[in-house]
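Enquirer: Numbering-wise, the UniProt record's numbering puts 677 at position 88 of the sequence shown, and it's gapless, one number per residue.
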Amino acid sequence: PASDEVLGIGALQTGYGAEPVLHGVALSVRAGQMAALLGANGAGKSTLMRSLAGLHRPVAGGIHLNGRELAGLGAEQIAALGLVLVPEGRQVFPELSVLDNLRLGAFLKPEGREARVEDMLERFPRLRERLHQRAGLLSGGEQQMLAIARGLMAQPQVLLLDEPSLGLAPKVIEDLFAALSRLRDERMTLLLVDQMAGLALSLADHAYVLESGRIVAQGSAAELLADGALMRAYLGE
Ligand code: ATP
590 PASDEVLGIG
600 ALQTGYGAEP
610 VLHGVALSVR
620 AGQMAALLGA
630 NGAGKSTLMR
640 SLAGLHRPVA
650 GGIHLNGREL
660 AGLGAEQIAA
670 LGLVLVPEGR
680 QVFPELSVLD
690 NLRLGAFLKP
700 EGREARVEDM
710 LERFPRLRER
720 LHQRAGLLSG
730 GEQQMLAIAR
740 GLMAQPQVLL
750 LDEPSLGLAP
760 KVIEDLFAAL
770 SRLRDERMTL
780 LLVDQMAGLA
790 LSLADHAYVL
800 ESGRIVAQGS
810 AAELLADGAL
820 MRAYLGE
């Protein structure tokens, strides 16, 4: 692996029951870079993200974070080591306030928590306006911002983002990608899954295309973006 690899995945296989979904996936995310993972519905992107976060058990293969093997560890241990998933579907605690959702994100790293809350409110000003409201009352876009902010509260080494733009209006997607662009500029290490292939590639450094549980293309984001045939074949653009 490259010397600045933070997250490395090798020959990862998994599935549901006897049904294989990932057939030996390998990918690598370097320090301070954003990698995009693209592919059609059902390709296995969420399964991969959930496997990385310890929510789904790999059948074979390795997952390394800063050289340390993660496969077999539990979700909480993996999060504590710094691999943090913002799952698909804006999963906030609907009955809790925005503030309590943010604070919960820091439960494994409570020191400096309130300063991080302030950082999140500066990053996502809409959350400040809604600070004491129940998270379940937020708009879809606000809930997605909150889910990302809660993930950042854990001070991850690598933030895994699964379909953050799903179901959001174009203007909200624009705001979301502006927030992601800022994280990238700050050299947060990110692995992004998103159906908005063009937007994701415009931000990412490196990208992988997953098709039926296999990586079928990879390269710099600029190379993939310039490959019209690939964009049409796999990404529907
Ligand atoms: P999408 O963009 O639609 O979420 P994806 O690329 O994230 O697609 P996955 O959700 O990982 O794909 O699904 C990959 C395959 O695994 C699909 O065939 C799906 O039907 C199957 N699958 C996903 N979750 C389960 C589950 N809990 N039990 C059984 N099969 C599942």
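Glycine is no exception: its CB is placed at the ideal position from the N, C-alpha and C atoms.
Note that this is a predicted model, so its numbers are computed, not measured.
(1) Pro609 to Ile598, Cα distance in whole Å?
(2) Assuming Leu616 and Tyr797 make a contact with CB atoms under 8 Å, what is their CB distance in whole Å?
(3) Answer yes or no: do Val747 and Gly671 have a C-beta to C-beta separation smaller than 8 Å?
(4) Use the C-beta contact count for Ala632: other C-beta atoms within 10 angstroms, 16 or more gives buried, fewer gives exposed.
(5) Tell me which residues share the same chain as Glu752 and place their Cβ nearer than 7 Å to its Cβ, disregarding the 5 neighbours each side in the sequence.
(6) Using 8 Å for Cβ pairs, my map puts His795 next to Ala806. What's the rounded Cβ distance?
(7) In three-state DSSP terms, what is Ser592?
(8) Taking the straight line between their C-alpha atoms, what separation do you get for Leu637 and Arg712?
(9) As a quick exercise: from Ala607, Leu627, Gln666 and Leu659, pick the residue whose alpha carbon is nearest that of Leu819.
(10) Can you give the Cα-Cα distance for Arg705 and Gln744, rounded to whole angstroms?
(11) Using a threshold of 8 Å, state whether the C-beta atoms of Leu716 and Leu697 are closer than that.
(12) Which residues mark the beginning and the end of the alpha helix (DSSP H) in which Arg639 is found?
(13) Report the CB separation of Leu749 from Val675 in whole angstroms; it is logged as a contact under 8 Å.
(14) Could you tell me if Leu726 is buried or exposed, where buried requires 16 or more neighbouring beta carbons within 10 angstroms of its beta carbon?
Expert: The relevant details are as follows:
(1) So the alpha carbons of these two residues sit roughly 17 Å apart.
(2) Taking the Cβ atoms as the reference, Leu616 lies roughly 5 Å from Tyr797, within the contact range of under 8 Å.
(3) Result yes, Cβ atoms of Val747 and Gly671 sit closer than 8 Å.
(4) Looking at its Cβ environment, which holds 16 or more other Cβ atoms inside 10 Å, Ala632 is buried.
(5) Cβ within range, chain order: Glu677, Val782, Asp783 and Gln784.
(6) Their Cβ separation, rounded to whole angstroms, is 12 Å, which puts His795 and Ala806 out of contact at 8 Å.
(7) Residue state, collapsed to three classes: coil.
(8) Those two C-alpha atoms are separated by around 28 Å.
(9) Of the residues Ala607, Leu627, Gln666 and Leu659, the one whose Cα lies closest to the Cα of Leu819 is Leu627.
(10) Arg705 and Gln744: Cα-Cα distance of roughly 9 Å.
(11) Between Leu716 and Leu697, the C-beta spacing is not below 8 Å.
(12) Where Arg639 is concerned, the enclosing alpha helix (DSSP H) starts and stops at Lys634 to Leu641.
(13) Rounded, the Cβ-Cβ distance is 7 Å, consistent with contact.
(14) Counting Cβ neighbours within 10 Å, Leu726 comes out exposed, since fewer than 16 surround it.
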